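I have placed the structure first, in the form of structure tokens, so that the comments after it can refer back to it.
Protein chains: 2
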Amino acid sequence: MYIDNPTKQAIVTTADKVFERMQHAIVEGEIPAGSKISEPELAKSYQISRSTLREALNRLEKCHLIERKANIGSRVVDCTIEGLLELYITREALEGMACRHAAINMTDEEISSMKQMLVSHSQEKALQEGVAYYQEEGDLDFHYKIILGSHNQQLINLICGQLYHLVRMYRFQFGMQSARASRAYDEHLHILQAISDRDGELAEILMRRHIAASRKNIEQKIAEQTLKP
Amino acid sequence: MYIDNPTKQAIVTTADKVFERMQHAIVEGEIPAGSKISEPELAKSYQISRSTLREALNRLEKCHLIERKANIGSRVVDCTIEGLLELYITREALEGMACRHAAINMTDEEISSMKQMLVSHSQEKALQEGVAYYQEEGDLDFHYKIILGSHNQQLINLICGQLYHLVRMYRFQFGMQSARASRAYDEHLHILQAISDRDGELAEILMRRHIAASRKNIEQKIAEQTLKP
DNA sequence: ACACATTAAATTGTCGACACATTAAAATTA
DNA sequence: TAATTTTAATGTGTCGACAATTTAATGTGT
Chain A
687 MYIDNPTKQA
697 IVTTADKVFE
707 RMQHAIVEGE
717 IPAGSKISEP
727 ELAKSYQISR
737 STLREALNRL
747 EKCHLIERKA
757 NIGSRVVDCT
767 IEGLLELYIT
777 REALEGMACR
787 HAAINMTDEE
797 ISSMKQMLVS
807 HSQEKALQEG
817 VAYYQEEGDL
827 DFHYKIILGS
837 HNQQLINLIC
847 GQLYHLVRMY
857 RFQFGMQSAR
867 ASRAYDEHLH
877 ILQAISDRDG
887 ELAEILMRRH
897 IAASRKNIEQ
907 KIAEQTLKP
Chain B
687 MYIDNPTKQA
697 IVTTADKVFE
707 RMQHAIVEGE
717 IPAGSKISEP
727 ELAKSYQISR
737 STLREALNRL
747 EKCHLIERKA
757 NIGSRVVDCT
767 IEGLLELYIT
777 REALEGMACR
787 HAAINMTDEE
797 ISSMKQMLVS
807 HSQEKALQEG
817 VAYYQEEGDL
827 DFHYKIILGS
837 HNQQLINLIC
847 GQLYHLVRMY
857 RFQFGMQSAR
867 ASRAYDEHLH
877 ILQAISDRDG
887 ELAEILMRRH
897 IAASRKNIEQ
907 KIAEQTLKP
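Top to bottom, those sequences are chains A and B.
For reference, each letter of the first sequence is one residue, going 687 to 915 in the working numbering.
For reference, each letter of the second sequence is one residue, going 687 to 915 in the working numbering.
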């Protein structure tokens with residue numbers, strides 16, 4: 687099951703389709719990170735004109751999946767540790783604020799819907815192969831709903847429309863499954879409780895801790911891998 | 687004197703030039719907020735082909751100055767009070783975090799350079815017509831330098847490369863000069879002191895208060911205007 | 001006169017070709 | 001042989017034209 691981006695607009699034009707295909711291809715590493723993009727080659731590969739391809743490239747640039755330089759060309763972003771940590775810092779700031787406003791702006795229906803979601807997640811998590819599903823889809827699902835719950839269009843566009851494609855890319859490329867799954871689940875529960883209590887200040891603090899803990903967990907794993915590869 | 691965006695890349699192609707012209711035209715209201723953009727008309731006006739214009743439109747969309755819908759067209763964003771408040775919320779989150787990391791990552795040279803800048807600002811402010819210059823350029827200059835001082839490329843791109851064009855647009859369209867100028871200057875001093883003390887936590891708190899105060903000031907002015915126009 | 005269907009005009013999306021810049025290869029010179 | 005200049009090739013930027021869609025105008029029926 688694939689979690690759709692809630693900000694995704696309808697796919698009508700062929701440039702839209704190509705954009706989607708390339709987005710998946712880049713996120714999942716089919717088009718390697720850091721590789722240069724040849725417009726004539728890709729256009730032929732997708733059987734479209736260069737104009738249409740360039741339209742798709744522009745949207746990929748919008749969500750920071752490729753970088754373009756004038757008269758030089760496009761290049762898929764490369765996944766560096768520094769970039770990953772910077773992304774987490776940014777998420778901590780934005781999602782923390784989104785969580786604060788979710789506590790203010792979410793409707794009671796939205797909140798109870800999220801509670802149900804967490805319950806079903808916990809069941810699937812207990813029943814099935816443990817951490818995999820929750821870590822991948824469930825976590826993103828939870829964060830998406832919080833961000834949408836802020837009812838702040840600016841935050842929603844920035845995080846869901848731009849940053850989260852990068853987040854998914856890093857997850858794929860670095861393969862982040864960790865022992866933090868069950869702890870992350872507990873943290874989600876506490877965050878939702880703060881929102882349910884309409885305690886925006888606490889909700890922001892907890893969300894920031896949640897993301898910071900995830901970042902520190904990654905930093906630690908990187909450090910371990912660096913010592914004994 | 688015009689404060690250049692530090693993230694601005696070299697202007698080489700004609701699409702770059704058109705992008706810059708349109709950016710100014712939109713920010714300063716020459717192309718009215720909320721108006722629809724006719725591609726054939728504008729292309730003829732700038733004496734370029736539609737392809738080149740569309741390239742420029744794509745970049746305008748990247749910094750949230752226009753919105754596009756498939757098969758419908760482009761439209762300049764309109765400046766609403768809700769949009770302005772959302773923008774301030776986002777700035778509070780991002781610049782707060784940037785300020786925290788500026789306290790960690792700025793070099794001693796960068797910090798002393800900023801201190802000098804504030805001194806010269808205070809002199810110009812005392813000498814000249816009071817609040818105008820400082821409110822417009824000096825404030826942006828200060829915030830830019832803090833963001834750059836975070837040394838976080840993700841934050842820098844998001845804030846300077848995208849959000850700040852919108853910030854400038856709102857300043858122009860809503861004409862925000864206020865009695866907060868001298869107080870804002872004092873707040874800048876305190877923020878820089880926290881950075882100089884390498885106190886990231888305090889630096890973030892002060893920056894968030896600084897932006898939140900500005901937001902509340904606007905909310906109050908809006909409320910007054912609504913009561914007795 | 002109003003609602004709806006049909007046609008016409010205008011606008012956006014896509015295409016292929018050409019102009020220009022960059023990079024790679026070949027040739028010239030020290 | 002190594003470095004530098006010339007030349008060829010590849011790739012990006014820009015253009016004008018056609019196809020597909022949306023919007024405006026016209027016409028028809030009740």
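Glycine residues also receive a C-beta, built at the ideal position from the N, C-alpha and C atoms.
These figures come from a predicted structure and were not determined experimentally.
Going straight from the alpha carbon of residue i to that of residue j, what length do you get?
i, j, result
"Phe828/B", "Gly886/B", "17 Å"
"Ile697/B", "Lys703/B", "6 Å"
"Ile775/B", "Ala784/B", "14 Å"
"Lys902/B", "Met893/A", "25 Å"
"Ile717/A", "Ala867/A", "29 Å"
"Thr699/A", "Asp883/B", "54 Å"
"Gly759/A", "Ala701/B", "15 Å"
"Asp825/A", "Ser836/B", "28 Å"
"Gln802/A", "Arg895/A", "23 Å"
"Ala729/B", "Gln859/B", "25 Å"
"Met687/A", "His710/A", "With a pLDDT of only 42 at Met687/A, under 50, the local geometry of the prediction cannot be trusted, and no value is derived from it."
"Arg869/B", "Leu804/B", "14 Å"
"Glu890/A", "Gly782/A", "5 Å"
"Gly720/A", "Ala880/B", "38 Å"
"Ile707/B", "Tyr732/B", "Looking at the sequence provided, one finds Arg at residue 707/B rather than Ile. Approximately 10 Å, taken between the alpha carbons."
"Ser737/A", "Ile712/A", "20 Å"
"Lys722/A", "His807/B", "45 Å"
"Ile734/A", "Cys765/B", "38 Å"
"Val853/A", "Glu714/A", "12 Å"
"Ala789/B", "Glu873/B", "16 Å"
Between residue i and residue j, how many whole angstroms is the CB-CB distance? I'm expecting something under 8 Å.
i, j, result
"Leu773/B", "Leu844/B", "Not quite, the Cβ-Cβ distance comes to about 13 Å (not below 8 Å), so this is no contact."
"Tyr856/B", "Leu770/B", "5 Å"
"Cys749/A", "Gln848/A", "5 Å"
"Glu747/B", "Glu741/B", "Not really, about 11 Å apart at Cβ, beyond 8 Å."
"Arg777/B", "Ile897/B", "5 Å"
Where does residue i sit, in a helix, a strand or coil, going by DSSP?
i, result
"Lys730/B", "helix"
"Glu716/A", "coil"
"Gly886/A", "helix"
"Ile758/B", "coil"
"Lys722/A", "strand"
"Ile752/B", "strand"
"Arg846/B", "Looking at the sequence shown, residue 846/B is not Arg but Cys. Three-state result, Cys846/B: helix."
"Thr699/B", "coil"
"Lys902/A", "helix"
"Phe705/A", "helix"
"His837/A", "coil"
"Tyr819/A", "Confidence at Tyr819/A is low in this model, with a pLDDT of 49, below 50, so the placement of that residue is unreliable and no value is reported for it."
"Thr912/B", "helix"
"Gly824/B", "helix"
"Ser737/A", "helix"
"Arg866/A", "coil"
"Lys694/B", "coil"
By the criterion of Cβ-Cβ separation under 9 Å, what are the contact partners of residue i in chain A?
i, result
"Val763/B", "Within 9 Å Cβ-Cβ: nothing; Val763/B doesn't reach chain A, min ~11 Å."
"Leu751/B", "Within chain A, no residue comes near Leu751/B; the closest Cβ sits about 13 Å away, beyond 9 Å."
In chain B, what lies closer than 8 Å to residue i by C-beta?
i, result
"His829/A", "Here the premise fails: no neighbours, minimum Cβ distance about 15 Å."
"Ser737/A", "Ser737"
"Leu728/A", "The contacting residues do not exist; Leu728/A stays about 18 Å from chain B at best."
"Leu834/A", "Within 8 Å Cβ-Cβ: nothing; Leu834/A doesn't reach chain B, min ~14 Å."
"Leu878/A", "Neighbours of Leu878/A on chain B: none; closest Cβ ~20 Å, over 8 Å."
Taking C-beta pairs closer than 7 Å, name the residues in chain A that residue i reaches, listed in chain order.
i, result
"Gln839/B", "Glu772"
"Leu875/B", "Going along chain A, no residue has its Cβ under 7 Å from Leu875/B, so there is no contact; the nearest lies around 24 Å."
For residue i, go through chain A and note every residue whose CB falls closer than 8 Å to its CB, in chain order.
i, result
"Ile775/B", "Met783, His787, Asn838, Gln840 and Leu841"
"Val698/B", "Ala756 and Asn757"
"Glu778/B", "Met783"
"Leu892/B", "What Leu892/B touches in chain A: nothing, since even the nearest Cβ is about 15 Å away."
Give me the chain B residues within the contact set of residue i, using Cβ-Cβ distance strictly less than 7 Å, ordered along the chain.
i, result
"Asn744/A", "Asn744"
Listing by chain order, which chain B residues have their CB less than 9 Å from the CB of residue i?
i, result
"Lys748/A", "Asn744, Glu747 and Lys748"
"Asp702/A", "Ala756"
Which complete beta strand (DSSP E) runs does the segment 756 to 810 of chain B hold, if anything under 3 residues is left out? 759 to 762
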